[in-house]
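Colleague:
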Amino acid sequence: MVQTLLLSWELARWRAAGRRARLWWRDDDARAPGPALERLLAHALAFDAPLTLAVIPDSDRADLAKRLASVRGVRVVQHGADHVDRSAGGGAFEFPPEHTAEQIAAALREGWTRLAPLPGALKLFTPPWNAIHPRLTDALASERYVGWSAWAQVAPKATPPRVDTHLDLLRWNPTPRFRGAGRLASQLRRQLARRRKAGTWDAPIGLLTHHLDHDEAAWRWLAGLMRTVRHHPVLTWSDLADLLPEARRAT
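Residue numbers (our numbering): 1 to 251.
(1) Please state if the CB of residue 114 and the CB of residue 61 are separated by a distance shorter than 8 angstroms.
(2) Provide the residue(s) that pair with residue 55 in DSSP beta bridges, ordered along the chain.
(3) Residue 176 to residue 170, Cα distance in whole Å?
(4) Just reading off the beta strand (DSSP E) that residue 244 is part of, what are its end residues?
(5) Quick check on DSSP: helix, strand or coil for residue 132?
(6) How many Å lie between residue 26 and residue 168 at the Cα?
(7) Locate the alpha helix (DSSP H) running through residue 112, then write down its first and last residues.
(8) Taking buried to mean at least 16 other C-beta atoms within 10 Å of its own C-beta, is residue 172 buried or exposed?
(9) Would residue 164 be called buried (16 or more neighbouring beta carbons within 10 Å of its own) or exposed?
(10) For residue 84, count neighbouring Cβ atoms within 10 angstroms of its own Cβ and tell me buried if that reaches 16, exposed if not.
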C-alpha cells in the first residue's frame, strides 16, 4: 500500500492519540470456486485477515460450500436475492419500487435457503449496486436478518444493524479497473480524519473488493495493504461478526 505524506500524518495523529483504526473486508459477487477466488482466499489466509464473502444466491452453491469447508476465518453473507437488475436504466436495482415488504421478504427468504448450508454463513444482507429499497429494512427485520451492509455511512443507526464499506478498490466506468494507489490512500486518509474529528474512533472502515474483476494492479495493492496492516501500530483487522453487536447497541 502506498502511503502518501498526508496519510502518514493522519496515521501519526491516531498513534499519538493511542487509537487503532479497525478495518473490515467484504468481497462481492462470489458464486463458485475458481482461480480468482483461490487468489482471494490465499491473501486472507496468508495475512490472517477476516474475510466476508458476499455470495450471490441465484442457484445451488454446493461447489462453493465444498471449497469453503476447509477454509478458516471466512464469513458468508447474502449478496442480493438473485442479483438480477430489474431497472429500466438510470441505476441498477433488483427490487422494483412497487415491491412490497412482503414481496421483498419472500425473495430474500428464497435466496437465504441456498446460502444457509454454507460454512461460515451469517444471515446478513448486502444489496447489489448498493440499491436500498424503501421497504428493505422492514423485510430484513421480518426475516430476522442479523444485519446488513451497504456503502459509505460511518456509524449508521439502523434496524437491523448496518455496517458499511468505504474503500472500493475498483473504478467501474466504463469498465472495472484499479482505482489507483494515490486515490485509495486519499480516501483512507479522509475516512480516518472523519472519524478522528467526530470522535468516532471505533467506527470501522470497510474495504470492498470484487475478486472476479481485479486486474493485476488491484491484486498488488491488496497484497500491499495486507502487509502494511500486519505490522502497523494503528491499523488492524476486525471480523464482521464482532462489529455487529456494537452496531446493534448504537441503534
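Quick reminder that beta carbons are idealized off the backbone N, C-alpha and C, glycines included.
Modeller: Looking at the coordinates:
(1) yes
(2) Answer by DSSP bridge pairing, in chain order: 30, 78.
(3) 6 angstroms
(4) Taken as a continuous stretch (DSSP letters only), residue 244 belongs to no beta strand (DSSP E), being part of the alpha helix (DSSP H) at 240-250.
(5) coil
(6) Straight-line Cα distance between these residues: approximately 10 angstroms.
(7) 101-115
(8) exposed
(9) buried
(10) Label assigned to residue 84: exposed.
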